[in-house]
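Have a look at the structure below, then the notes.
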Amino acid sequence: MQALLFLSFVFLVYFLLRFIINTLIDARKNKPNAPDPQQPDSQTMVRCAYCGVHLPQSEAYFDGQHTFCSEGHMRLGPKTQDIGGDSNTIMNNDDGD
Ligand SMILES: [Zn+2]
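Numbering-wise, this note's numbering comes out as the position in the sequence shown, counting from 1, plus 341.
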């Protein structure tokens, strides 16, 4: 008799687990919790052609060729030095006399 009780208990647990797992899988299928890659949430970052600061494309100024962080930098135009370099040491302190 105890074996029968144990078996029924095992079956009960088994079906309960299956039900829970199926419910979880169905919930995941119905609810797209995963972030969609085509959502506008993930903004493209662009680089100011003048000062090199990175900003979202929606906030950037575009003159047709280059992107800028502000209208002022757009007027100044692109600073075509080393693009993509970390060292912005354009200034040469030449103290020659
Ligand atoms: Zn800028």
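Using N, Cα and C, we set each Cβ at its ideal position, and we do this for glycine too.
For residue i, list the residues DSSP reports as bridge partners.
i	result
Phe-409	Tyr-402
Pro-397	Met-386
How about residue i and residue j: do their beta carbons lie closer than 8 Å?
i	j	result
His-407	Pro-397	no
Ala-368	Val-387	no
For residue i, count the other beta carbons within 10 Å of its own beta carbon; 16 or more makes it buried, fewer makes it exposed. Which is it?
i	result
Phe-350	exposed
Tyr-391	buried
His-325	No answer is possible for residue 325: it lies beyond the span of the chain, which begins at 342 and ends at 438.
Val-354	exposed
Met-415	buried
Ile-431	Note that Ile-431 scores a pLDDT of 48, beneath 50, so its modelled location is shaky; the value from the coordinates is reported in the next line. Under this definition Ile-431 is an exposed residue.
Ile-361	exposed
Have a look at the options and flag the residue whose alpha-carbon is nearest the alpha-carbon of residue i.
i	options	result
Gly-393	Phe-409, Phe-352, Phe-360	Phe-409
Gln-384	Lys-370, Ser-399, Lys-372, Asn-371	Ser-399
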